[in-house]
Amino acid sequence: MEERIETSATSKSDAAVTAKPGALGLDIGTSRIVAANSTYDQETRSQLNAFISMPASEMAENVLKQRNIVYEKNCENLYVYGNDTDFFASFLDTDMRRPMQYGLLNSKEQMSQHIIQLIVKRLVPQSRKADVLCFSVPGRGETVEGNLVYHEAVLKSFLQSLGYQAKPLNEGMAVVYSELKNENFTGIGISCGGGMCNVAVSFMAMPVITFSVPRGGDYIDTNVAAVLNETPSRVRLFKEEKLDLGRPGDDDLSRALNIYYDDVLQTLIDKLRMEFRAQSQLPRIDRPMPVVVAGGSSMPDGFLKKFEGMLHAGGEFPIQLADVRMAKDPLTATARGCYIAAMSEIK
Ligand SMILES: Nc1ncnc2c1ncn2[C@@H]1O[C@H](COP(=O)(O)OP(=O)(O)OP(=O)(O)O)[C@@H](O)[C@H]1O
Ligand SMILES: [Mg+2]
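Per this note's numbering: the sequence shown = residues 120 to 466.
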């Protein structure tokens with residue numbers, strides 16, 4: 120049966136975000152949604168792109184009210200969404216539901232559009248003067264083809280309904296904008312996220328190659344959980360708090376996480392090599408290309424060394440690469456890149 124929301128009266132704090140005119144960056148990621156009003160880290164804010172539902176009852180509603188939790192309700196269920204989801208999911212020992220999967224709106228989740236709109240409204244104020252808002256979208260890939268058209272159009276039309284001039288921006292290009300200004304926006308921007316990895320090869324801010332691979336943190340968590348008979352959330356917590364990719368360790372969890380990290384990175388690198396080989400004409404560059412990595416899945420200790428080692432392991436690369444470096448703040452780089460793109464549109 121369709122779950123239909125009938126009231127939004129409880130979403131009071133949605134209006135609490137203050138507007139800044141001009142430009143806004145919005146990273147609509149599978150795991151988190153991040154908004155940026157400037158290029159500085161402190162001017163970003165984020166919400167988990169997740170929710171849980173629980174049967175509606177007066178008692179449950181009172182608990183949420185006492186804790187000042189923003190929630191939605193329909194005749195059957197109460198919905199807690201955004202950053203409060205994590206706490207309530209472990210408190211109620213239930214799985215989070217996710218509006219997105221592999222970088223796109225989750226077609227198996229009937230509440231996806233409604234919840235994503237609620238979460239975005241908690242981060243982004245209504246625009247009164249048609250501010251420019253750039254939002255991240257994944258590159259084409261195995262699971263991202265025609266469905267990207269739908270994903271982009273649905274989000275664009277919702278953001279327009281909030282009063283913005285909404286413009287999609289490839290996530291890899293957002294990393295380039297945020298991290299490669301001093302290199303004239305020439306280089307390779309990579310985001311290793313929750314649902315996927317996104318790559319853009321840019322020459323002077325022009326995308327020459329863009330693609331996604333449908334493997335990221337979620338793929339690692341579910342596969343490690345399956346082979347070790349664990350739950351994905353326990354694997355995720357271990358991964359986020361304890362994993363060191365420089366030291367494989369002798370416990371099963373570390374070993375399995377290393378195996379699936381290798382798998383994700385090898386898939387990404389193979390595809391990058393293939394895309395370069397498939398290009399008949401590449402612009403000439405007079406210096407090696409820098410590579411910047413962002414996204415939550417690039418956060419474990421030892422990630423950069425592993426990635427760099429694997430990049431050079433398969434023999435000579437189709438183009439000359441400079442150093443591989445981490446984004447200044449891997450979790451907000453995409454949102455800040457979107458902000459820079461939005462700024463450039465209004466200049
Ligand atoms: N410290 C950490 N160590 C390892 N993994 C982490 C860490 N912090 C976050 N992650 C993982 O990063 C992923 C989320 O990354 P991010 O927020 O960049 O994704 P996203 O942008 O929402 O997703 P996508 O770009 O794939 O649509 C999750 O899988 C999470 O477990
Ligand atoms: Mg992302």
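Note that beta-carbon positions come from the ideal geometry of N, C-alpha and C, so glycine has one too.
- Taken through DSSP and simplified to helix, strand or coil, Phe322 comes out as strand.
- Boundaries of the beta strand (DSSP E) harbouring Ile147: 142-147, taken from the DSSP string.
- Per DSSP, the beta bridge partners of Tyr198 are Ser172, Glu191.
- Across the set Asp405, Ser321, Ile171, Glu302, the C-alpha of Ile171 shows the shortest separation from the C-alpha of Gly201.
- Ligand 1 has no heavy atom closer than 7 Å to the beta-carbon of Lys390.
- Going by C-alpha positions, Gln439 is about 30 Å away from Ile339.
- Look at Val327 here: in three-state DSSP terms it is strand.
- By the 16-neighbour rule on beta-carbons within 10 angstroms, Val346 is exposed.
- If you compare the alpha carbons of Lys192, Leu364, Glu290, Ala155 with that of Gly148, the shortest gap goes to Glu290.
- The continuous beta strand (DSSP E) containing Ala155 extends over residues 151-155.
- In the three-state reduction of the DSSP assignment, Gly314 falls in the coil class, being assigned neither a helical nor a strand state.
- For Leu242, the uninterrupted alpha helix (DSSP H) segment begins and ends at 231-242.
- Annotated as distal: Gly414 and Ser331, with beta-carbon spacing of 8 Å or more.
- A straight line joining the alpha-carbon of Pro407 with that of Asp250 spans about 37 Å.
- For Gly414, the CB falls within less than 7 Å of some heavy atom of ligand 2.
- With fewer than 16 other beta carbons inside 10 angstroms of its own, Cys194 counts as exposed.
- At least one heavy atom of ligand 2 lies closer than 7 Å to the C-beta of Asp146.
- The residue from Ser321, Asn225, Gln166, Lys240 with its alpha-carbon nearest to that of Pro402 is Ser321.
- Within a 10 Å sphere around the beta-carbon of Asp420 sit fewer than 16 other beta-carbons, which makes this residue exposed.
- In this chain, Ala454 is not harboured by any beta strand (DSSP E); it is covered by the alpha helix (DSSP H) spanning 452-465.
- Secondary-structure assignment with DSSP links Leu167 through a beta bridge to Arg151.
- Looking at the backbone, the Cα of Glu264 and that of Gln185 are separated by about 45 Å.
- The DSSP-derived three-state label of Pro407 is coil.
- In this structure, the alpha-carbon of Leu267 lies about 15 Å from that of Pro218.
- Between Ala446 and Ser276, the C-beta gap is not smaller than 8 Å, which leaves the two residues out of contact.
- Between ligand 1 and the CB of Lys358, the shortest heavy atom gap is smaller than 7 Å.
- Contact between Gln166 and Ile188 fails: their C-beta atoms lie close to 13 Å from each other, not under 8 Å.
- For Asn303, same chain residues with a beta-carbon under 8 Å away, outside a window of 5 residues either side, are Met323, Ala324 in chain order.
- Gly260 has its Cβ no nearer than 7 Å to any heavy atom of ligand 2.
- Judged by DSSP in its simplified three-state form, Gly306 adopts strand.
- Spanning the alpha carbons of Pro244 and Asn348 requires a straight line of approximately 43 Å.
- In chain order, Leu384, Val412, Val443 place their CB closer than 7 Å to the CB of Phe426, counting only its own chain and leaving out the 5 sequence neighbours on each side.
- Non-local C-beta neighbours of Arg353 in its own chain, meaning closer than 8 Å and more than five positions away in sequence, comprise Ala344, ordered along the chain.
- With a threshold of 16 other beta carbon atoms within 10 Å, His233 meets it and is buried.
- Across the set Tyr379, Tyr190, Gly144, the C-alpha of Gly144 shows the shortest separation from the C-alpha of Thr163.
- Between the C-alpha atoms of Gly428 and Pro409 there is a straight-line separation of about 15 Å.
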